[in-house]
Amino acid sequence: MELRVRRATLNDVRGIVEVHCSDVREWRRLVEETGARASYEELSVEDKFLHGGPWMSVETCAIHLNYLLTAGQHPLVAELDGRVVGELELYIGEERGALGRTGYIDVLVVHRDYRGRGIGRRLVEEAKRIAAHEGCDAISVWPERRAVPFYEKCGLRRVAYRVLHVVVSVACCEAPNTSLREFPQSYEELADMWFLAPRIYSSFTAWLKSRWSYALRVAWTKLYEAYVPSLDAALVLEGVPLKSGEARLSLWIGDVSRAREALLYACGKAAGLGVRRLHLLAEEAVCRQLVKGLAAEAVGEEVVLMEELRQ
Numbered sequence: 137m138e139l140r141v142r143r144a145t146l147n148d149v150r151g152i153v154e155v156h157c158s159d160v161r162e163w164r165r166l167v168e169e170t171g172a173r174a175s176y177e178e179l180s181v182e183d184k185f186l187h188g189g190p191w192m193s194v195e196t197c198a199i200h201l202n203y204l205l206t207a208g209q210h211p212l213v214a215e216l217d218g219r220v221v222g223e224l225e226l227y228i229g230e231e232r233g234a235l236g237r238t239g240y241i242d243v244l245v246v247h248r249d250y251r252g253r254g255i256g257r258r259l260v261e262e263a264k265r266i267a268a269h270e271g272c273d274a275i276s277v278w279p280e281r282r283a284v285p286f287y288e289k290c291g292l293r294r295v296a297y298r299v300l301h302v303v304v305s306v307a308c309c310e311a312p313n314t315s316l317r318e319f320p321q322s323y324e325e326l327a328d329m330w331f332l333a334p335r336i337y338s339s340f341t342a343w344l345k346s347r348w349s350y351a352l353r354v355a356w357t358k359l360y361e362a363y364v365p366s367l368d369a370a371l372v373l374e375g376v377p378l379k380s381g382e383a384r385l386s387l388w389i390g391d392v393s394r395a396r397e398a399l400l401y402a403c404g405k406a407a408g409l410g411v412r413r414l415h416l417l418a419e420e421a422v423c424r425q426l427v428k429g430l431a432a433e434a435v436g437e438e439v440v441l442m443e444e445l446r447q
């Protein structure tokens with residue numbers, strides 16, 4: 137049996153869904169929060185989405201894969217005897233900071249029946265090859281904690297960022313009146329800015345994903361986006377699925393010395409939209425400085441790993 141790794145097409149949607157669904161032990165009705173057990177066929181598209189995102193049904197996976205392909209990014213599949221047994225999604229983009237021009241691995245899943253055969257490693261090797269061909273300085277990933285040893289074995293041993301996840305109470309915040317411009321529709325307008333949050337992603341990945349949407353109430357919902365000229369800052373506020381009054385901040389800024397001002401503006405804007413709790417994921421030292429003196433609670437820690445491709 138020969139393993140083949142290639143670029144995915146829309147014809148692979150069903151196979152990709154099978155790979156991601158293989159991780160689910162038990163299907164439940166989650167939209168109504170009853171948690172009642174059900175068969176996969178009995179669930180709505182929204183219920184399936186809540187079990188793992190757009191990869192859990194052909195309806196949403198086709199949309200997601202089409203987004204990737206039309207954006208010129210690199211969804212890869214591992215195929216064994218004509219069957220899709222693994223998937224990796226690679227984003228290529230440039231930014232200031234540790235990652236530089238990076239190939240960012242956003243997704244890597246191997247079908248549970250085919251694990252332990254080196255399939256994940258082969259997908260990472262192909263991602264590295266593509267990233268090097270695209271002139272990347274590094275390849276990077278935000279791994280689940282249990283996957284850190286795997287990526288280290290694949291060569292991604294350097295810690296690019298230690299990320300602190302903080303939730304800020306914004307109920308009493310107010311945003312000052314200031315002139316605004318449209319949020320950048322071209323990444324080139326952001327590439328020279330500092331990307332602060334969510335620092336679990338590469339800058340380009342965060343921007344590109346913020347351009348996508350799904351007609352589902354359980355998906356991330358864009359509440360607000362703008363460029364603030366007085367702060368030289370671009371920000372996006374997205375509602376957290378099924379968590380009323382909670383949002384996540386994406387933030388780019390030209391001068392990091394003004395990051396605190398930008399965060400306070402975002403907090404005020406979020407409060408004006410009815411948000412009570414704002415999620416901020418930023419590099420640990422930066423994050424602690426940004427939220428100093430605010431009503432903020434640390435709820436988690438993450439790590440972004442990388443491997444330099446050009447010595």
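Just so we're aligned, residue 137 is where the sequence shown starts under the working numbering, counting upward by one. Where a beta carbon is used, it is the ideal one built from N, C-alpha and C, also for glycine.
Within 10 angstroms of the Cβ of residue i, are there 16 or more other Cβ atoms? Answer buried if so, exposed if not.
i: arginine 142; result: exposed
i: threonine 170; result: exposed
i: lysine 428; result: exposed
i: glutamate 280; result: exposed
i: glutamate 433; result: exposed
i: serine 175; result: exposed
i: glycine 239; result: buried
i: valine 299; result: buried
Rounded to a whole number of angstroms, what is the C-alpha to C-alpha distance between residue i and residue j?
i: leucine 344; j: tyrosine 323; result: 8 Å
i: arginine 164; j: isoleucine 152; result: 21 Å
i: glycine 291; j: serine 315; result: 46 Å
i: glutamate 438; j: glutamate 215; result: 31 Å
i: glutamate 382; j: valine 411; result: 5 Å
i: threonine 249; j: serine 180; result: Sequence check: residue 249 is aspartate here, not threonine. When rounded, the distance between both Cα atoms is 26 Å.
i: arginine 282; j: glutamate 288; result: 11 Å
i: alanine 398; j: leucine 414; result: 14 Å
i: leucine 235; j: arginine 396; result: 23 Å
i: asparagine 202; j: asparagine 147; result: 11 Å
i: leucine 387; j: tyrosine 363; result: 10 Å
i: methionine 442; j: serine 339; result: 14 Å
i: glutamate 177; j: leucine 373; result: 34 Å
i: serine 158; j: tryptophan 191; result: 11 Å
i: valine 149; j: cysteine 197; result: 6 Å
i: glutamate 154; j: leucine 204; result: 19 Å
i: threonine 145; j: tyrosine 297; result: 33 Å
i: histidine 200; j: valine 260; result: 21 Å
i: valine 295; j: arginine 251; result: 26 Å
Once the 5 residues before and after residue i are set aside, which same chain residues still bring their CB inside 7 Å of it?
i: alanine 311; result: Tyr401, Gly404, Lys405, Gly408
i: aspartate 183; result: Arg165, Leu166, Val167
i: glycine 256; result: Gly222, Leu244, Val246, Phe286
i: proline 320; result: Leu326, Tyr363, Ala370
i: glutamate 318; result: Tyr363
i: arginine 237; result: Glu230, Gly271, Cys272, Asp273
i: leucine 378; result: Val354
i: arginine 446; result: Asp273
i: isoleucine 266; result: His210, Leu226, Gly239
Find the nearest neighbour of residue i within the set the options, judged by alpha-carbon distance.
i: alanine 526; options: Tyr350, Val306, Val392, Ala307; result: The chain is shown from 137 up to 447; residue 526 falls before or after that span and cannot be answered.
i: leucine 139; options: Gln425, Gly222, Lys289; result: Gly222
i: glycine 188; options: Ile275, His210, Val245, Gly390; result: Val245
i: leucine 326; options: Ala355, Trp278, Glu230; result: Glu230
i: isoleucine 275; options: Ala172, Val306, Gln425, Ile241; result: Ile241
i: arginine 293; options: Val440, Arg446, Ala172, Thr145; result: Val440
i: tryptophan 330; options: Arg394, Ala307, Thr196; result: Arg394
i: glutamate 444; options: Cys272, Thr206, Met137; result: Cys272
i: glycine 233; options: Arg335, Gln425, Val435, Lys358; result: Arg335
i: alanine 351; options: Glu270, Phe185, Tyr360; result: Phe185
i: valine 277; options: Ala342, Ile199, Arg251, Ala431; result: Ala342
i: leucine 430; options: Ile266, Ser349, Val260, Val306; result: Val306
i: tryptophan 348; options: Glu195, Ala207, Val194; result: Ala207
i: glutamate 262; options: Gly390, Ile389, Cys423, Leu212; result: Leu212
For the alpha helix (DSSP H) containing residue i, name the first residue and the last one.
i: valine 260; result: 255 to 269
i: threonine 196; result: 194 to 206
i: glycine 408; result: 395 to 408
i: tyrosine 287; result: 284 to 289
i: glycine 358; result: Reading off the sequence, residue 358 comes out as lysine, not glycine. Not the alpha helix (DSSP H): lysine 358 falls in the beta strand (DSSP E), residues 357 to 364.
i: arginine 384; result: Where arginine 384 is concerned, there is no enclosing alpha helix (DSSP H), although the beta strand (DSSP E) it sits in stretches over 382 to 389.
i: phenylalanine 319; result: No alpha helix (DSSP H) contains phenylalanine 319, which DSSP labels as neither H nor E.
i: arginine 150; result: 149 to 157
i: leucine 186; result: 181 to 186
Which two residues bound the contiguous beta strand (DSSP E) that contains residue i?
i: histidine 415; result: 413 to 419
i: histidine 247; result: That residue, histidine 247, is in no beta strand (DSSP E); it is neither H nor E in DSSP.
i: asparagine 339; result: Note on residue identity: the sequence assigns serine, not asparagine, to residue 339. Here serine 339 belongs to no beta strand (DSSP E); instead the alpha helix (DSSP H) covers 339 to 346.
i: valine 89; result: The chain is shown only over 137 to 447; residue 89 falls outside these bounds and no answer can be derived.
i: valine 302; result: 294 to 305
i: tyrosine 120; result: With the chain covering only 137 through 447, there is no way to say anything about residue 120.
i: alanine 214; result: 210 to 216
Which same chain residues end up closer than 6 Å to residue i when comparing Cβ atoms and leaving out the 5 residues on each side of it in sequence?
i: serine 366; result: Thr314
i: alanine 172; result: Arg165
i: arginine 161; result: none
i: aspartate 217; result: Met137
i: glutamate 361; result: Phe319, Val372
i: valine 303; result: Arg413, His415, Glu433, Val435
i: lysine 264; result: Ile275
For residue i, I'd like the list of residues in its chain whose CB is within less than 8 Å of its CB, leaving aside the five on either flank, ordered along the chain.
i: valine 376; result: Trp356, Glu382, Ala383, Arg384, His415
i: leucine 359; result: Leu373, Glu374, Gly375, Ala383, Ala406, Leu409, Val411
Is any heavy atom of the ligand PLP found at a distance shorter than 7 Å from the C-beta of residue i?
i: glycine 252; result: Among the components modelled here there is no ligand, and therefore nothing to report on the ligand PLP.
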